[in-house]
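There are 2 protein chains.
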Amino acid sequence: MLKDATSADLSSLANAGEILSLVASRAATSRSDLLTASGLSRVTVTQRLGALLAAGLVRETSRTLPSGGRPTRVLAVNETAAFLLVANIGETHIHLAAMDLTPAVIRQSTIPFSVAEGPAATLGRIAAELGRLAQEARSSHGVLLGVGLSLPTPVDFKRGRVVGPSVLSGWDEYDIIARLQGALGAPFYVENDVNLMTLYEYRHNFPGVDDMLFIKAGTGIGSGFIASGQVFRGAQGAAGDIGHIQFLSDDAPLCRCGKFGCVEARAAGWAIARDLSRLGFPAENARDVIGLVESQTPEAIMLLRKAGRTIGEVASDVVSIINPSLIVVGGTLARGGEILLSGIRELIYQRCLPLATRDLRIVLAEPDADSALFGAAHLILDDVFSPAKVGGLIARFGIAGPRS
Amino acid sequence: MLKDATSADLSSLANAGEILSLVASRAATSRSDLLTASGLSRVTVTQRLGALLAAGLVRETSRTLPSGGRPTRVLAVNETAAFLLVANIGETHIHLAAMDLTPAVIRQSTIPFSVAEGPAATLGRIAAELGRLAQEARSSHGVLLGVGLSLPTPVDFKRGRVVGPSVLSGWDEYDIIARLQGALGAPFYVENDVNLMTLYEYRHNFPGVDDMLFIKAGTGIGSGFIASGQVFRGAQGAAGDIGHIQFLSDDAPLCRCGKFGCVEARAAGWAIARDLSRLGFPAENARDVIGLVESQTPEAIMLLRKAGRTIGEVASDVVSIINPSLIVVGGTLARGGEILLSGIRELIYQRCLPLATRDLRIVLAEPDADSALFGAAHLILDDVFSPAKVGGLIARFGIAGPRS
DNA sequence: CCACTTATGTTCAATAATTTACATTATTGA
DNA sequence: TCAATAATGTAAATTATTGAACATAAGTGG
Numbered sequence: 037m038l039k040d041a042t043s044a045d046l047s048s049l050a051n052a053g054e055i056l057s058l059v060a061s062r063a064a065t066s067r068s069d070l071l072t073a074s075g076l077s078r079v080t081v082t083q084r085l086g087a088l089l090a091a092g093l094v095r096e097t098s099r100t101l102p103s104g105g106r107p108t109r110v111l112a113v114n115e116t117a118a119f120l121l122v123a124n125i126g127e128t129h130i131h132l133a134a135m136d137l138t139p140a141v142i143r144q145s146t147i148p149f150s151v152a153e154g155p156a157a158t159l160g161r162i163a164a165e166l167g168r169l170a171q172e173a174r175s176s177h178g179v180l181l182g183v184g185l186s187l188p189t190p191v192d193f194k195r196g197r198v199v200g201p202s203v204l205s206g207w208d209e210y211d212i213i214a215r216l217q218g219a220l221g222a223p224f225y226v227e228n229d230v231n232l233m234t235l236y237e238y239r240h241n242f243p244g245v246d247d248m249l250f251i252k253a254g255t256g257i258g259s260g261f262i263a264s265g266q267v268f269r270g271a272q273g274a275a276g277d278i279g280h281i282q283f284l285s286d287d288a289p290l291c292r293c294g295k296f297g298c299v300e301a302r303a304a305g306w307a308i309a310r311d312l313s314r315l316g317f318p319a320e321n322a323r324d325v326i327g328l329v330e331s332q333t334p335e336a337i338m339l340l341r342k343a344g345r346t347i348g349e350v351a352s353d354v355v356s357i358i359n360p361s362l363i364v365v366g367g368t369l370a371r372g373g374e375i376l377l378s379g380i381r382e383l384i385y386q387r388c389l390p391l392a393t394r395d396l397r398i399v400l401a402e403p404d405a406d407s408a409l410f411g412a413a414h415l416i417l418d419d420v421f422s423p424a425k426v427g428g429l430i431a432r433f434g435i436a437g438p439r440s
Numbered sequence: 037m038l039k040d041a042t043s044a045d046l047s048s049l050a051n052a053g054e055i056l057s058l059v060a061s062r063a064a065t066s067r068s069d070l071l072t073a074s075g076l077s078r079v080t081v082t083q084r085l086g087a088l089l090a091a092g093l094v095r096e097t098s099r100t101l102p103s104g105g106r107p108t109r110v111l112a113v114n115e116t117a118a119f120l121l122v123a124n125i126g127e128t129h130i131h132l133a134a135m136d137l138t139p140a141v142i143r144q145s146t147i148p149f150s151v152a153e154g155p156a157a158t159l160g161r162i163a164a165e166l167g168r169l170a171q172e173a174r175s176s177h178g179v180l181l182g183v184g185l186s187l188p189t190p191v192d193f194k195r196g197r198v199v200g201p202s203v204l205s206g207w208d209e210y211d212i213i214a215r216l217q218g219a220l221g222a223p224f225y226v227e228n229d230v231n232l233m234t235l236y237e238y239r240h241n242f243p244g245v246d247d248m249l250f251i252k253a254g255t256g257i258g259s260g261f262i263a264s265g266q267v268f269r270g271a272q273g274a275a276g277d278i279g280h281i282q283f284l285s286d287d288a289p290l291c292r293c294g295k296f297g298c299v300e301a302r303a304a305g306w307a308i309a310r311d312l313s314r315l316g317f318p319a320e321n322a323r324d325v326i327g328l329v330e331s332q333t334p335e336a337i338m339l340l341r342k343a344g345r346t347i348g349e350v351a352s353d354v355v356s357i358i359n360p361s362l363i364v365v366g367g368t369l370a371r372g373g374e375i376l377l378s379g380i381r382e383l384i385y386q387r388c389l390p391l392a393t394r395d396l397r398i399v400l401a402e403p404d405a406d407s408a409l410f411g412a413a414h415l416i417l418d419d420v421f422s423p424a425k426v427g428g429l430i431a432r433f434g435i436a437g438p439r440s
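Keeping their order, the protein sequence lines are chains L and X. The numbering used here puts the first residue of the first sequence at 37, with every later residue one more than the last. The numbering used here puts the first residue of the second sequence at 37, with every later residue one more than the last.
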């Protein structure tokens, strides 16, 4: 039986997952790389890559890499071949976006948020707004590949649920995926915002630094880390919870968790705001604190410096335990720059063994309000283009058909 | 051109790596499992497995698994198809062994050790003794697959070198692999003993507990952890170094590292021995301490209990940071049983958030002097049978030819 | 003992992938 | 401009893998 070009293309496409995964992960960005990375023959790679190119999933960039002979052409996933939806729940607002595969924002919006509303209503509004964004993205960017939700609370990533009491009261153990997956018809991911910010820093600013720690110092304090290139979540997704490690002392302050002397109660935005208020400078959260620091209020600078030392104290423990090669400090308080950072550096160098600090870099994150959104996009992309799942993506795409 | 049975067998063997890896890792222990796990067709699996069986690399066990119909026969790597060499440098002696693929000891020996001798001479003696063991193992167990060396000091696993100052003075940055690899003609691995004990506990006693922490409380204090099923080493192999985390207090004792208030200086075997000596009970190391505890010396029991609380304090920090689902406490001091463990439990439950301790088990390791040796064996096996490297093993085996 | 169920092996035609050999292309440097 | 170099494409022959169909094996529960 003869086969026409289209069905030959489709059958090549069905086997092209490995190729697509390699291109998407940037493990192989040229045809020659693909040959060695995949172990397949040139004939096969040519054929499968041809199918991916024809389907519009992969494209040739204008870049080439010198090779000594004919330069090799750089390949990339076609950013406009599909899109993602992401949302980040903040203190008072929810930021939402449709993103292409770069990932870059196609379209975004903001809606108000109140904890009092409860998860069902909030998720309903999120679904509605994401639906609107999807509508607009679909015309230019084809299929929806995945949806990601960032939450300011511990999340059991495997189960997609908020775990433990948190600022999102009423959300504990609520089945978020069941509520939303149907509405949007794509794989759904829920993750803690700090882990997503960590992933963003790793993928976007420090690719290749496979053992790094991200500290978010804002109104609360949390951390995330990349272990051997993977977000490390621990048994229940609660890894990196450094805000409630205690240091005892005579004046140990009461924490909102009910214990005394937690890092948060000493160094988080709310704790500094509490101390500033007592000194006669009204402040409520990390933003207020940074405002006072930026207007050169000595008391605020002093307290931020002290907070840096407290964070440094706990960070030194983390360094001893996980031995990262990079620490990125982000969150609102990081806008205090060296005032915060110097205390962190001081304590780490003071308390850690030289071996652990020998090659350790400690840097500030660029202030970026949307890093959790981008992190969510990377999370989706990593999973959807992973070798194990890329087949599903191609099937989904094959059905939707190629885009012009 | 016709092909005889032998060459057909050999070509199947060359492609049988994936099958072998699945059987070795116990990811698939039956033919049916292999079909689904490999994704290959039954014809191919039958053929490749046949080659592995013919080569003597894999064998059928007498066990079967019920299935509702014909039971499926359990497959396993043939433990006697090849062997490993391992060595563990302790305080005063070096334990060495040839092991089969179970891993189980085929033959073992002990030689004296003195730091003063320096790495070159010590490694020379180790090579000679391992050579002797290899000679004996070779007759019954075919090819040597790998050699592992366990050291009581931080090791940069990737580079196979001791890093930083340690009890092994003179070993820092010494190129161990260059010194030994040639002499033995097999892949060579060097790793820290605590990480190997951790790996042993994971593989041997708690398979499936993919996020676990092992604490070694002996003359020194260290820890290792399994993150998502892998030994977590950090950037320089120094992860888990909890012995030199400091807790400040008025009476902070001086540590052998030169800082004050380290966990080691408060709770390690040498620190308890120091305190006991001051109280009039001569003791030098963890063994002496346990001796006094076992003879019901109240002072020793009190100090061990106190050490448990100190270890619990640092362990609670570790729990907050990495969120394990299991803590295994081993090392000489663990022979103190509940006396040590109760303090650890107490502090962890007191200082960690309920979320992190909700499903956390804290248990004692079985006392086992050879756990680092077994851990080294597992380390070699994991690597040699890994999908990426199993091809090399088969090549090596193909050249050596099948055993009867 | 028998029917039922699932595991396992085998044959053979169809399909997929590789190897080989040759051809073409896009650069660099003489 | 021309050789040198390595990337890339392709046809044909060879080899590997699959799927389907059939056969047999080894348990379970009547």
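The beta carbon of each residue, even a glycine, is placed where N, CA and C say it ideally should be. Quick caveat: nothing in here was measured; it's all calculated off a predicted structure.
{"Asked": "Contact set for Pro107(X): own chain, Cβ-Cβ below 7 Å, skip 5 residues either direction", "Found": "Thr100 and Leu101"}
{"Asked": "Integer-rounded CB distance, given that Leu93(X) should sit under 8 Å from Leu18(X)", "Found": "The displayed coordinates of chain X run from 37 to 440. Any statement about residue 18(X) would go beyond what the structure contains."}
{"Asked": "Simplified DSSP state of Val399(X), which is helix, strand or coil", "Found": "strand"}
{"Asked": "Gly86(X), DSSP secondary structure in three states", "Found": "helix"}
{"Asked": "Backbone CA spacing between Tyr385(L) and Arg345(L) [nearest angstrom]", "Found": "11 Å"}
{"Asked": "Backbone secondary structure at Phe296(X) - three-state DSSP", "Found": "strand"}
{"Asked": "Contact set between Ile281(L) and chain X, taken where Cβ atoms lie within less than 7 Å", "Found": "Asp353 and Ser356"}
{"Asked": "Proximal residues, the region 388-405 of chain L versus chain X, C-beta separation under 9 Å", "Found": "Cys388, Leu389, Pro390, Leu391, Ala392, Arg394, Asp395 and Leu396"}
{"Asked": "8 Å Cβ cutoff, Gly53(L) in contact with chain X", "Found": "no"}
{"Asked": "Opening and closing residue of the alpha helix (DSSP H) in which His414(X) lies", "Found": "Ser407 to Val420"}
{"Asked": "Segment contact flag, the region 240-258 of chain X with the region 315-335 of chain L, C-beta cutoff 8 Å, min 3 pairs", "Found": "no"}
{"Asked": "Pro438(L) - DSSP class collapsed to helix/strand/coil", "Found": "For Pro438(L), the predicted model reports a pLDDT of 42, less than 50, meaning its position is unreliable and no value from the coordinates is stated."}
{"Asked": "Span separating the alpha-carbon of Pro148(L) from that of Val122(L)", "Found": "16 Å"}
{"Asked": "Exposure label - Gly218(X); buried when at least 16 CB within 10 Å", "Found": "exposed"}
{"Asked": "Ile375(X) classed as buried or exposed, judged by whether at least 16 other C-beta atoms fall within 10 angstroms", "Found": "buried"}
{"Asked": "Cβ contact (3+ pairs, closer than 8 Å) linking the region 107-117 of chain X and the region 61-68 of chain X", "Found": "yes"}
{"Asked": "Segment limits, beta strand (DSSP E) that includes Asn228(L)", "Found": "Phe224 to Asn228"}
{"Asked": "Delimiting residues of the alpha helix (DSSP H) encompassing Ala170(X)", "Found": "Pro155 to His177"}
{"Asked": "Chain X residues whose Cβ lies nearer than 7 Å to that of Cys291(L)", "Found": "Per Cβ cutoff of 7 Å: no residues; Cys291(L) is ~11 Å from chain X at best."}
{"Asked": "C-beta atoms of Gln282(X) and Cys298(X) nearer than 8 Å", "Found": "yes"}
{"Asked": "Rounded straight-line distance, which links the Cα of Glu330(X) to that of Gly200(X)", "Found": "36 Å"}
{"Asked": "Assigned exposure category for Asp229(L) - 16 Cβ within 10 Å defines buried", "Found": "buried"}
{"Asked": "Beta-ladder partner(s) of His129(X), from DSSP", "Found": "Pro148(X)"}
{"Asked": "Ile262(X) - partner residues in DSSP beta bridges", "Found": "Met248(X) and Val267(X)"}
{"Asked": "C-beta neighbour in chain L for Asp229(X), strict 8 Å", "Found": "no"}
{"Asked": "Straight-line gap, Thr42(L) to Glu115(L) (C-alpha atoms, nearest Å)", "Found": "With a pLDDT of 49 at Thr42(L), under the threshold of 50, the predicted position of this residue should be treated as unreliable, and no value is reported."}
{"Asked": "Backbone secondary structure at Phe283(L) - three-state DSSP", "Found": "coil"}
{"Asked": "Under 7 Å by beta carbon: chain X residues contacting Val199(L)", "Found": "Leu391"}
{"Asked": "Short CB-CB distance (under 8 Å) between Ile278(X) and chain L", "Found": "yes"}
{"Asked": "Assigned secondary structure, Ser211(L) (DSSP; H/G/I helix, E/B strand, else coil)", "Found": "Note that residue 211(L) is Asp in the sequence shown, not Ser. The answer is coil: DSSP assigns Asp211(L) none of H, G, I, E or B."}
{"Asked": "Identity of the residue in Leu187(X), Leu389(X), Ser48(X) and Arg143(X) nearest His129(X) by Cα", "Found": "Leu187(X)"}
{"Asked": "Proximal residues to Trp306(X) (C-beta, below 6 Å), its chain only, five neighbours per side dropped", "Found": "Thr255"}
{"Asked": "Beta-carbon spacing of Ile125(L), Met135(L) below 8 Å", "Found": "no"}
{"Asked": "Continuous alpha helix (DSSP H) assignments of at least 4 residues falling wholly in the region 287-374 of chain L", "Found": "299-303, 305-314, 322-330 and 334-358"}
{"Asked": "Burial state of Glu300(L), where buried means 16 or more other Cβ atoms lie within 10 Å", "Found": "buried"}
{"Asked": "Arg95(X): first and last residue of the uninterrupted beta strand (DSSP E) it sits in", "Found": "Val94 to Leu101"}
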